[in-house]
Amino acid sequence: MSENTRYIFVTGGVVSSIGKGIVAASLGTLMKARGLRVTIQKLDPYINVDAGTMNPYQHGEVYVTDDGAETDLDLGHYERYIDENLGKSNNITTGKVYGAVIEKERRGDYLGDTVRVIPHITDQIKESVRKVSDDTDIAIVEVGGTVGDIEGLPFLEAIRQFKYDVGPERVLYVHVTLVPHIGAAGELKTKPTQHSVKELRAIGIQPDVIICRTEKNLSDDMIGKISLYTDVPKDSVFASRDVQSIYEVPMRLEKQGLGDLVVRRLGLEAGAPDLETWKNMVKKLKKPPETVRISVVGKYIELKDAYLSIVESIQHGAIANDIGVEIIRVDASHLEEGLEEAEAALRSSHGILVPGGFGARGIEGKIKAIQYARENKIPYLGICYGMQWAVVEFARNVLGWSDAHSTEVDPDTSHPVVFEMKEQKGQKQLGGTMRLGAYTCRLRKKTKSWSAYQVQEVQERHRHRFEFNNKFRTELEDAGLVISGENPERYLVEVVELKDHPWFVACQFHPEFRSRPLRAHPLFREFVGAALQVSRTQQIPNLLEKVVRDHVSVEA
Ligand code: GLN
Numbered sequence: 001m002s003e004n005t006r007y008i009f010v011t012g013g014v015v016s017s018i019g020k021g022i023v024a025a026s027l028g029t030l031m032k033a034r035g036l037r038v039t040i041q042k043l044d045p046y047i048n049v050d051a052g053t054m055n056p057y058q059h060g061e062v063y064v065t066d067d068g069a070e071t072d073l074d075l076g077h078y079e080r081y082i083d084e085n086l087g088k089s090n091n092i093t094t095g096k097v098y099g100a101v102i103e104k105e106r107r108g109d110y111l112g113d114t115v116r117v118i119p120h121i122t123d124q125i126k127e128s129v130r131k132v133s134d135d136t137d138i139a140i141v142e143v144g145g146t147v148g149d150i151e152g153l154p155f156l157e158a159i160r161q162f163k164y165d166v167g168p169e170r171v172l173y174v175h176v177t178l179v180p181h182i183g184a185a186g187e188l189k190t191k192p193t194q195h196s197v198k199e200l201r202a203i204g205i206q207p208d209v210i211i212c213r214t215e216k217n218l219s220d221d222m223i224g225k226i227s228l229y230t231d232v233p234k235d236s237v238f239a240s241r242d243v244q245s246i247y248e249v250p251m252r253l254e255k256q257g258l259g260d261l262v263v264r265r266l267g268l269e270a271g272a273p274d275l276e277t278w279k280n281m282v283k284k285l286k287k288p289p290e291t292v293r294i295s296v297v298g299k300y301i302e303l304k305d306a307y308l309s310i311v312e313s314i315q316h317g318a319i320a321n322d323i324g325v326e327i328i329r330v331d332a333s334h335l336e337e338g339l340e341e342a343e344a345a346l347r348s349s350h351g352i353l354v355p356g357g358f359g360a361r362g363i364e365g366k367i368k369a370i371q372y373a374r375e376n377k378i379p380y381l382g383i384c385y386g387m388q389w390a391v392v393e394f395a396r397n398v399l400g401w402s403d404a405h406s407t408e409v410d411p412d413t414s415h416p417v418v419f420e421m422k423e424q425k426g427q428k429q430l431g432g433t434m435r436l437g438a439y440t441c442r443l444r445k446k447t448k449s450w451s452a453y454q455v456q457e458v459q460e461r462h463r464h465r466f467e468f469n470n471k472f473r474t475e476l477e478d479a480g481l482v483i484s485g486e487n488p489e490r491y492l493v494e495v496v497e498l499k500d501h502p503w504f505v506a507c508q509f510h511p512e513f514r515s516r517p518l519r520a521h522p523l524f525r526e527f528v529g530a531a532l533q534v535s536r537t538q539q540i541p542n543l544l545e546k547v548v549r550d551h552v553s554v555e556a
């Protein structure tokens with residue numbers, strides 16, 4: 001903690017999933033645009049030590065940082081909105097806090113004291129907040145969940161105390177709440193917000209700023225009403241209306257004066273915001289001159305958050321190519337079963353992507369998609385599991401090893417072209433034991449990967465237990481598989497591609513965790529660029545217009 005760091009604590013009210021993370025991230029964009037040094041931290045009240053062991057159904061994607069933390073997906077928003085690499089200390093959970101306190105207790109650090117929630121747990125929380133704020137002007141700290149959750153109480157108590165530890169002039173409380181539109185009455189309702197603030201005040205926190213998530217515009221009267229009930233001045237009540245692209249949120253809030261208000265209230269010295277590039281990016285995103293269709297073939301098509309960073313990165317690739325993109329989510333199991341809609345989606349695609357994954361469900365469908373992309377020369381980007389199945393597909397259908405497999409799904413195959421990494425064997429513990437975080441990948445010249453990155457070595461983030469089996473390397477290479485990226489320390493194959501194909505690249509790492517809206521990841525940029533070539537030079541019909549869309553979901 002530096003003496004001058006200011007703190008913004010963001011809490012949520014009424015319900016979760018109203019985009020509190022995006023508001024926190026947008027605040028970051030507004031501060032960064034004023035030349036301030038910003039960091040963002042998420043405090044998650046759940047008891048899991050990290051998000052690594054959580055099911056996508058409950059928690060969406062697991063985001064991975066350079067230093068190998070498996071974190072909440074909000075960290076992805078933060079990195080994308082402030083364009084900084086964050087790490088382990090940027091995501092704290094109840095599990096981590098209690099883990100640290102129990103360790104101290106066992107060591108005898110508490111010198112005979114009875115260890116309690118206040119002050120020991122709250123001190124530990126405050127310590128982790130101070131820890132991330134070194135060398136920053138502003139630390140934005142988002143508390144997960146909503147006010148009123150039992151497990152959130154120690155966190156709220158800690159941020160309440162924080163104000164008195166560092167001085168009230170250095171702390172701002174921002175409360176993000178829902179102002180629902182009640183269709184039957186044709187009205188927006190402020191009552192849930194009143195209740196949520198009441199709850200917050202009962203804990204001892206008076207919000208300085210309220211940000212209302214709404215479907216409709218908030219009238220002056222409504223703002224007045226919220227202000228009256230909550231003691232928050234009218235100029236500190238903001239509306240964050242639903243928008244077409246989440247990247248619009250910073251500008252919407254800036255327009256209402258949020259950035260200046262924060263700077264003023266925290267006594268910061270900051271220049272005028274430079275949001276020009278960001279604005280232009282959003283403009284391009286909203287009115288693209290042409291659009292390509294990309295299919296993402298995965299396991300969780302109904303879940304918006306399951307492939308969040310992938311979807312964002314495809315958007316970044318489109319921004320870099322000055323075009324728009326329609327993303328079709330295809331359920332790999334439906335492809336496996338030969339469902340018409342799923343097949344129509346493939347045949348309508350200018351590019352196909354198979355993302356990361358685990359386990360057996362839908363893998364034959366993924367293989368089908370990969371075979372389709374390879375044989376029909378449709379651009380393909382395979383990520384992690386999508387790389388491993390690309391190797392299996394090649395082994396089966398080009399080399400004719402019909403039982404080729406990954407030992408993750410078939411441990412007894414006679415062609416284990418993907419197998420468990422040495423250090424994973426016998427590993428019983430699930431949490432935090434994969435090959436995680438950034439590792440070096442050396443690229444081979446005159447390959448598509450090289451022409452995307454234009455450098456010899458790159459750092460990319462990983463999350464896997466299985467790897468390309470080097471035992472089959474020569475045979476696969478002789479048959480035309482190009483190994484274009486490799487880890488120099490361990491000779492792990494990191495990227496494979498195909499020679500006689502316009503663009504077929506599959507990587508063991510996760511490029512989606514390093515892509516940013518203003519700096520698309522090179523592989524996503526080139527992948528979308530190759531899809532654009534296809535859309536301009538080939539007649540790919542949009543068969544999706546004709547089929548029922550129950551089994552594929554499309555978002556533009
Ligand atoms: N299940 C595969 C592995 O563990 C791929 C992991 C992933 O796609 N993130 O190696």
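In my numbering, the protein residues as written are 1 to 556. Note that beta-carbon positions come from the ideal geometry of N, C-alpha and C, so glycine has one too.
Practice problem: Determine the contact status of V14 and L253, defining contact as a CB-CB distance below 8 angstroms. | Solution: In the sequence shown, counting from the first residue as 1, residue 14 sits at position 14. In the sequence shown, counting from the first residue as 1, residue 253 sits at position 253. In this structure, L253 does not lie closer than 8 angstroms to V14 by Cβ.
Quiz prompt | Classification of R107 by the beta-carbon crowding that lies within 10 angstroms, buried from 16 upward | solution = Numbered from 1 along the sequence shown, position 107 holds the residue referred to as residue 107. Its Cβ having fewer than 16 others within 10 Å, R107 is exposed.
Self-check item: Buried/exposed call for V548, threshold 16 Cβ in 10 Å
Solution: By one-based count along the sequence shown, residue 548 stands at place 548. For V548, the predicted model reports a pLDDT of 47, less than 50, meaning its position is unreliable; a value from the coordinates is still stated below. Its Cβ having fewer than 16 others within 10 Å, V548 is exposed.
Quiz item: Going by C-alpha distance, which of T193, V292 and G426 is nearest I314?
Solution: Sequence index remark: in the sequence shown, residue 314 carries index 314 (1-based). I314 has its Cα closest to that of V292, out of T193, V292 and G426.
Quiz prompt | Top-ranked residue by Cα proximity to N217, from T230, P192, H181 and L200 | solution = Sequence index remark: in the sequence shown, residue 217 carries index 217 (1-based). For the residues T230, P192, H181 and L200, the minimum Cα distance to N217 belongs to H181.
Quiz prompt | Contact belief for L436 with G99 at Cβ below 8 angstroms, rounded distance in angstroms | solution = By one-based count along the sequence shown, residue 436 stands at place 436. By one-based count along the sequence shown, residue 99 stands at place 99. Not a contact, Cβ separation roughly 18 angstroms.
Quiz item: To which residues of the same chain is P522 closer than 7 angstroms at the C-beta, ignoring the five residues directly before and after it?
Solution: What you label residue 522 is simply residue 522 of the sequence shown in a count that begins at 1. Around P522: A452 and Y453.
Quiz item: Which same chain residues, not among the five before or five after S196, have their C-beta less than 8 angstroms away from its C-beta?
Solution: Looking up residue 196 in the sequence shown gives position 196. Within the same chain, S196 has close Cβ partners G13, V14, T146, V147, G148, H175 and T177.
Quiz prompt | Contact check, G259 vs R80, beta carbons under 8 angstroms | solution = Position 259 of the sequence shown holds residue 259. Position 80 of the sequence shown holds residue 80. Not in contact: G259 and R80 (Cβ atoms no closer than 8 angstroms).
Exercise. Could you have a look at D165 and say whether DSSP puts it in helix, strand or coil?
Key: On the sequence shown, position 165 is the one that residue 165 refers to. Correct three-state label for D165: helix.
Self-check item: Burial state of L111 (16 or more Cβ within 10 Å)
Solution: Here residue 111 is taken as the residue at index 111 of the sequence shown, counted from 1. The residue in question, L111, is exposed, as its Cβ has fewer than 16 Cβ neighbours within 10 Å.
Quiz prompt | Coarse secondary structure for K42, derived from DSSP in three states | solution = Here residue 42 refers to the residue found at position 42 of the sequence shown. In the structure shown, K42 sits in a strand (DSSP, three-state: E or B).
Quiz prompt | Span separating the alpha-carbon of V311 from that of L285 | solution = Looking up residue 311 in the sequence shown gives position 311. Looking up residue 285 in the sequence shown gives position 285. Using only the alpha carbons, I get a separation of about 14 angstroms.
Exercise. Measure the Cβ-Cβ separation of Q429 and H462 and say whether it is below 8 angstroms.
Key: Taking the sequence shown and counting its residues from 1, the one referred to as residue 429 is at position 429. Taking the sequence shown and counting its residues from 1, the one referred to as residue 462 is at position 462. No, they are not a contact pair.
Quiz prompt | Coarse secondary structure for P416, derived from DSSP in three states | solution = Working through the sequence shown from its first residue, we reach residue 416 at position 416. Looking at P416 - three-state DSSP - the assignment turns out to be strand.
Quiz item: Can you tell me whether DSSP reads Q459 as helix, strand or coil?
Solution: Mapped onto the sequence shown, residue 459 falls at position 459. Looking at Q459 - three-state DSSP - the assignment turns out to be strand.
Exercise. Give the secondary structure of E545 by DSSP, where H, G and I count as helix, E and B as strand, and everything else as coil.
Key: Taking the sequence shown and counting its residues from 1, one reaches residue 545 at position 545. Three-state DSSP puts E545 in a helix.
Quiz item: Given a threshold of 16 other Cβ atoms within 10 Å of its Cβ, counted over all protein chains shown, does I150 qualify as buried or as exposed?
Solution: As a working note, residue 150 is residue 150 in the sequence shown. Label assigned to I150: exposed.
Practice problem: Jot down the residue ranges of each uninterrupted beta strand (DSSP E) in the stretch 367-423, minimum 3 residues, whole runs only, in chain order. | Solution: 380-383 and 416-420
Quiz item: With S309 and E512 assumed to form a contact (beta carbons below 8 angstroms), what rounded beta-carbon distance in angstroms separates them?
Solution: On the sequence shown, position 309 is the one that residue 309 refers to. On the sequence shown, position 512 is the one that residue 512 refers to. Going by Cβ atoms, the distance from S309 to E512 rounds to 4 angstroms, so yes, they are a contact pair.
Quiz item: So, do the stretch 79-93 and the stretch 40-47 have three or more beta carbon pairs nearer to each other than 8 angstroms?
Solution: yes
Quiz item: What's the C-alpha gap between P488 and Q459?
Solution: Taking the sequence shown and counting its residues from 1, one reaches residue 488 at position 488. Taking the sequence shown and counting its residues from 1, one reaches residue 459 at position 459. Each residue's alpha carbon lies about 12 angstroms from the other.
Quiz item: Quick check: the stretch 293-300 against the stretch 482-497, are there 3 or more CB pairs under 8 angstroms?
Solution: no
Quiz item: Using the beta-carbon count (16 or more within 10 Å), is Y7 buried or exposed?
Solution: The residue given as residue 7 occupies position 7 in the sequence shown. In the assembly as shown, Y7 is a buried residue. Its beta-carbon has 16 or more other beta-carbons within 10 Å.
Quiz prompt | Beta bridge counterpart(s) of Y63 as assigned by DSSP | solution = By one-based count along the sequence shown, residue 63 stands at place 63. Paired residue(s): T71.
Self-check item: Beta-carbon spacing of L335, V297 below 8 angstroms
Solution: Mapped onto the sequence shown, residue 335 falls at position 335. Mapped onto the sequence shown, residue 297 falls at position 297. Yes, they are a contact pair.
Quiz item: By the 10 Å Cβ neighbour count, where 16 or more other Cβ atoms means buried, how is Y164 classified, buried or exposed?
Solution: The count along the sequence shown starts at 1 and reaches residue 164 at position 164. Per the 10 Å Cβ criterion, exposed.
Quiz prompt | Nonlocal neighbours in the same chain, by C-beta distance under 8 angstroms from S402, ignoring five residues either side | solution = Working through the sequence shown from its first residue, we reach residue 402 at position 402. Once the five neighbours on either side are set aside, the close Cβ partners of S402 are R396.
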